[in-house]
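Below: the structure, in structure tokens.
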Amino acid sequence: MPCMRWSRYLIPTTKEVPKDAVVASHQLMLRAGLIRQLAAGVYSYLPLGYRALRKVERIVREEMDRAGAIELHMPVMHPIELWEQTGRTQAMGDVLLRLAGPDGDWRTQTVLGPTHEEPVTEIARAYLNSYRILPVTLYQIQVKFRGEARPKSGVLRTREFLMKDAYSFDRDKEGLDASYKRMYEAYCRIFSRCGLPYIAVEAESGPIGGDASHEFMVLTDAGEDFVALTENSDYAANTERAVCAPLAQDNAAMLPIQEVHTPGQRTIDEVCAFLKTRPSQMIKTLVYVETARPATAGTPSAKSTAEEPAPVVVLVRGDHEVNENKLNRVSGARLQLAPPDIIRKLTGADVGFAGPHTLDKSGMKYRLIVDQAVSVMRNAATGDNKTDYHALNVNPTRDFPLTGDNVTVADVRTVVNGDLSPTGSGSPIRLRKAIEVGHVFKLGTKYSDAMRATFLDSDGKPKPLIMGCYGIGLNRIMAAAIEAHHDDGGIIWPLSIAPFQVLIIALDPREKDVMETADKLYKELNAAGLDVLFDDRDERAGFKFKDADLIGIPLRITVGRKALAEGVVELKGRSRPDVEKFAPDAVVRRVKELVQATS
RNA sequence: CGGGGCGUAGCUCAGUCUGGUUAGAGCGCGUGGUUUGGGACCACGAGGUCGCAAGUUCGAAUCUUGUCGCCCCGACCA
């Protein structure tokens, strides 16, 4: 049995808040001696932190196994050729970490895996070649490497992290639905068992659409995703994807268009202040062009000199933001904001004065995409396609079309606070910050097509494997748990993932009785299969209590001279203020009860 | 990649503007003593090529240039 005496263990706690740590979980993980930073976005897990991480790992593994997934272990080093088969060297860009080496060296042909769709599909291609062995779900718990542009918030966003990634392979869409559901349910169990207050939200699902993707979120300001939740909880989605009920038609009488001299007023805020109007009464006119498919050096696959696609003019309300995911889907192309020269050519004005009502005068072809919220406006203010001028009382239908070959009315904006639930319940949407701890995704045949991973179906015909992928960030679970469970004194671990379940503090370690009693409790609890840490350090009581609160072990047994003189020891839960007194024998029973009740 | 900030002891920082003995404090660490139920106190001590490099100067933590690293905001995020 390993010796878990604090005096012989390594728990470098600190009183001072490390200067680089901003969010609570980062500060506490450093102060409690769980992690140590080695480089930007690269952390060591110290003994206490590693124990918690392994607890999380165990829960994840148990639930994956229970859901019928099969564990394997794939390499971190991948031949880049594998990534070229799916075109993701380009899609991933700088996120894909390459090894450096002399030209022609194997190193330059090797990348560190940021995820494992390609390697797992390579395995599936080799071995999952009959409908008879389907469905199969494979998973691993493995380190991932990503060239994150900006690691931040401690362990929440790093360049190296531990992930559980699972991949399902099915013969048809119904099978995928079933596999997806099984993983979804396993995820719910995992996050519940880890003590996380999570919600599952609809997530951006890329080209497949529908209900093909969910993210598991923990609501906290330390997160960097935004989720849209309705007040009555009938809808929850990532803002990348969230939709809302259409806005109602404004029925004000249309006023005649009026031109206003607005010298140098370009931004929505400037113009609003100048015109004494509000952003919600303005139309933001944005010009997009198709992203040039960049031909990476060395790959002579560039298709150039095709006809220059027409710019896409997008209208959203002044207080709304374009959601580029939605826009790309509506337009059927990958768009980016147009450079100034195209804007000048199309609008005849400097950037900042574009409007939808007089665009035809340039003679340039363009497509018009009108956000639904704009389509119901009346008497809006917008640019006048004339430098230093804006127009008042611009109206859809009268001044620019809502129908026609090159016109689309659609939802292309990001939802905002106060939008109403898309379910029609009328419940308002609230935006909340959240940490993404898990993501389930129906992939379909994207990778099996690209890598020709087919199986022979019962009809004797080769068909592409239908895939799903399912990720969980284990380090993020740890950090999210701390974000959700801490107080001024430190961490309050959920029992299930606490590095230790019980902390025994010997308050007067030089007293023979105290040490003997504490040591006996330590041995008994250990023998009962509990994870026990024994604070046998010769320190003052206050010092040890502060440390105990900081590292947040759920159950604390205090053995002190005074209480022992009355024949008792003290039991306290980290999350509650009250202290219970027990005879040493009784406390072991009580602790066992408490641990069993929660596991 | 754009904007801002910071690199001095294991940690938190002062000193830099205005160059000048041997570079400081608190925490932590070691030794001894007094203490001992919510981060004690006294004494002594160990620990730093002031991120790195070049330059200016009689002299550089301090000025100049370059470079590397870290943090924050933004952009980006299969």
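Sequential numbering of the first sequence, starting at 289, is according to the numbering used here.
Note that CB positions come from ideal geometry on N, CA and C, so glycine has one too.
Values in this document were obtained by computation on a predicted structure and should not be read as measured data.
I believe residue i touches residue j by the beta-carbon criterion, under 8 Å. Please report the beta-carbon distance rounded to the nearest angstrom.
i	j	result
VAL802	LEU795	7 Å
LEU422	GLY463	7 Å
LYS614	VAL697	Wrong, their Cβ atoms sit about 13 Å apart, outside the cutoff.
GLY636	SER650	6 Å
PHE433	VAL725	Going by Cβ atoms, the distance from PHE433 to VAL725 rounds to 19 Å, so no, they are not a contact pair.
ALA871	GLY855	6 Å
GLY778	LEU838	4 Å
GLN624	VAL577	7 Å
ASP676	HIS502	Actually they are not in contact, since the Cβ atoms of ASP676 and HIS502 sit about 49 Å apart, beyond 8 Å.
LYS721	THR527	About 10 Å separates the two Cβ atoms, so there is no contact after all.
VAL695	LEU656	5 Å
LEU859	VAL875	6 Å
PRO797	ASP826	5 Å
VAL531	VAL703	7 Å
GLY483	PRO865	Contact doesn't hold; Cβ gap of about 20 Å is too wide.
Specify the secondary structure class of residue i as computed by DSSP and reduced to three states.
i	result
LYS730	strand
ALA815	helix
LYS564	coil
ALA683	According to the sequence shown, residue 683 is Asn rather than Ala. Three-state DSSP puts ASN683 in coil, outside helix and strand.
GLY756	strand
LYS674	coil
GLY463	helix
GLN624	strand
ILE780	coil
ASP629	helix
THR635	helix
MET652	coil
MET542	coil
PHE641	coil
VAL604	strand
MET766	helix
GLU473	helix
LEU523	Residue 523 is actually Tyr in this sequence, not Leu. Residue state, collapsed to three classes: coil.
ARG740	coil
LYS880	helix
GLU558	helix
VAL867	strand
PRO750	strand
PRO716	strand
THR550	coil
THR593	For THR593, the predicted structure reports a pLDDT of 43, less than 50, and the residue's modelled location is therefore unreliable. A value from the coordinates is still provided. Three-state DSSP puts THR593 in coil, outside helix and strand.
LEU647	helix
LEU615	helix
SER480	helix
ALA885	helix
VAL531	coil
Report buried or exposed for residue i, applying the criterion of at least 16 other Cβ atoms within 10 angstroms of its Cβ.
i	result
MET365	exposed
VAL379	Here residue 379 is Ala; the residue named in the question, Val, does not match the sequence. Burial call: exposed.
GLU898	With the chain represented from 289 up to 887, any question about residue 898 goes unanswered, as that position is not in the structure.
GLY337	buried
ILE358	exposed
ASP557	exposed
VAL867	exposed
ASN705	exposed
ARG481	buried
HIS678	buried
ARG470	buried
GLN537	exposed
Practice item. Check whether the stretch 599-618 touches the stretch 660-668, counting contact only when three or more Cβ pairs, one atom from each stretch, lie closer than 8 Å. Key: yes
Review point. Enumerated in chain order, which unbroken segments of the alpha helix (DSSP H) with a length of 4 residues or greater are wholly contained in the stretch 817-864?
Key: 829-839, 849-853
Check your understanding: Counting Cβ pairs, one atom from each stretch, are 3 or more of them under 8 Å apart for the stretch 389-406 and the stretch 479-492?
Key -> no
**Study point:** Every unbroken beta strand (DSSP E) within the stretch 341-401, with a cutoff of 3 residues, ordered by chain
**Key:** 365-367, 398-400
Point to revise | Given 8 Å, three or more beta-carbon pairs between the stretch 766-777 and the stretch 346-356 | key: no
Review point. Does the stretch 746-753 come close enough to the stretch 398-405 that 3 or more CB-CB pairs lie under 8 Å?
Key: no
Point to revise | beta strand (DSSP E) runs contained entirely in the stretch 782-809, provided each spans 3 or more residues | key: 790-794
Check your understanding: What runs of the beta strand (DSSP E), each 3 residues or longer, lie entirely inside the stretch 391-461?
Key -> 398-400, 424-433, 448-458
Exercise for review: Return the chain-ordered ranges of every alpha helix (DSSP H) run that is complete within the stretch 298-337 and spans a minimum of 4 residues.
Suggested key: 312-319
Practice item. Decide if the stretch 716-725 is in contact with the stretch 672-691; the criterion is three or more beta carbon pairs, one per stretch, under 8 Å apart. Key: no
Check your understanding: Do the stretch 753-764 and the stretch 441-456 meet, that is, are 3 or more Cβ pairs less than 8 Å apart?
Key -> yes
Point to revise | Three-pair Cβ contact test at 8 Å for the stretch 317-335 versus the stretch 736-747 | key: no
Review point. Counting pairs of beta carbons, one from the stretch 555-574 and one from the stretch 636-646, are three or more of them closer than 8 Å?
Key: yes
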